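> If you're matching positions, the sequence shown starts at 0 in numbering that gives the first Met the number 0 and goes up one per residue. Backbone N, C-alpha and C define an ideal beta-carbon position, used for all residues, glycine too. Note that this is a predicted model, so its numbers are computed, not measured. Have a look at this one before I ask anything.
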Amino acid sequence: MLLLAGLSTGNKIGLAIVGAIFICFALVSSFVIPKRQPDYPGKSGMSVFIIVSVVLFAGMLTAVSVFDVEAEAKGGEKTATGAAAGPAKTVAVTETEFKITLPAASGLAAGNYTFAVKNAGKIGHDLAITGAGISGTPKTPIINAGGTAKLTVPLKAGTYTLYCTVPGHKAAGMVAKLTIG
Numbered sequence: 000m001l002l003l004a005g006l007s008t009g010n011k012i013g014l015a016i017v018g019a020i021f022i023c024f025a026l027v028s029s030f031v032i033p034k035r036q037p038d039y040p041g042k043s044g045m046s047v048f049i050i051v052s053v054v055l056f057a058g059m060l061t062a063v064s065v066f067d068v069e070a071e072a073k074g075g076e077k078t079a080t081g082a083a084a085g086p087a088k089t090v091a092v093t094e095t096e097f098k099i100t101l102p103a104a105s106g107l108a109a110g111n112y113t114f115a116v117k118n119a120g121k122i123g124h125d126l127a128i129t130g131a132g133i134s135g136t137p138k139t140p141i142i143n144a145g146g147t148a149k150l151t152v153p154l155k156a157g158t159y160t161l162y163c164t165v166p167g168h169k170a171a172g173m174v175a176k177l178t179i180g
């Protein structure tokens, strides 16, 4: 019952409730019950203890999966903090083994940009961006071979670096520059 209540309250609160139930069970079964029943869980209680542990663990995994799907359904695309209002201009990006290809663009003005990333390679890649006015490092999740993802960020006038964060890929050449303004 508490698991269902946790699942309906939102990502952070729901995970906190499910995690708290799991932690409370572990603490009570480790410290409280053994003081009252020294042979806990005993021969007859072991199967119940294992079943409750597995059910709580499965509930935690289910909660994480459900909340991940909720986040994808709500957003659909990653958006950097502080995005300005207005439609985003789309920039097609193609990634292959150790190369990032951007369209030949000139005169790009400041504003919101959505990078439509296609992984035309044979292994997983992602796309991250750094530069003027970007806090943190917004990036896509790892994109499997043949997959696509989108990354929306507000860009001011300046030079930006787009790269793959998979270890070794940036050093192998998966880096590109983009100038705005």
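Just to confirm, are K155 and A109 a CB contact at a threshold of 8 Å?
yes
> Would you mind reading off the limits of the beta strand (DSSP E) that contains P153?
T147 to L154
> For P140 and P86, what's the separation of their Cα atoms in angstroms?
23 Å
> Mind checking who Y159 pairs with in its DSSP beta bridge?
Y159 pairs with G130 and L177.
> Inspect the CB distances between the stretch 154-171 and the stretch 107-127 and report whether three or more fall short of 8 Å.
yes
> Could you check what DSSP says for A119 in three-state terms: helix, strand or coil?
For A119, the three-state secondary structure derived from DSSP is coil.
> To which residues does DSSP link K138 through a beta bridge?
A127
> Between E94 and G120, is the Cβ-Cβ spacing less than 8 Å?
yes
> In terms of alpha-carbon separation, which member of Y39, A104 and K88 lies closest to I115?
Looking at the sequence provided, one finds Ala at residue 115 rather than Ile. Ranking the options by Cα distance to A115, first place goes to K88.
> Measuring straight from C-alpha to C-alpha, what distance separates L55 and G146?
34 Å
> Where does the unbroken beta strand (DSSP E) through K88 begin, and where does it stop?
K88 to T95
> Taking only the alpha-carbon atoms, compute the straight-line gap between L2 and H124 and give it to the nearest angstrom.
Caution is warranted here: a pLDDT of 44 is assigned to L2, below 50, making its placement in the model unreliable, and no coordinate value can be reported.
> Between the Cα of V165 and those of T158, I142, D38 and S29, spot the shortest distance and give me the residue it belongs to.
I142
> Shortest alpha-carbon distance to G106 belongs to which of I49, G130, T158 and G18?
T158
> Looking at the ligand HEM, does it come within less than 7 Å of K98, judged from the CB to the closest heavy atom?
Ligands are entirely absent from the displayed structure, and the ligand HEM is therefore not among its contents.
> Can K117 and G172 be called in contact, C-beta distance under 8 Å?
no
> In angstroms, rounded to a whole number, what distance separates the CA positions of L177 and A144?
Cα to Cα, L177 sits roughly 24 Å from A144.
> Assign G172 to one of three DSSP states: helix, strand, or coil.
coil
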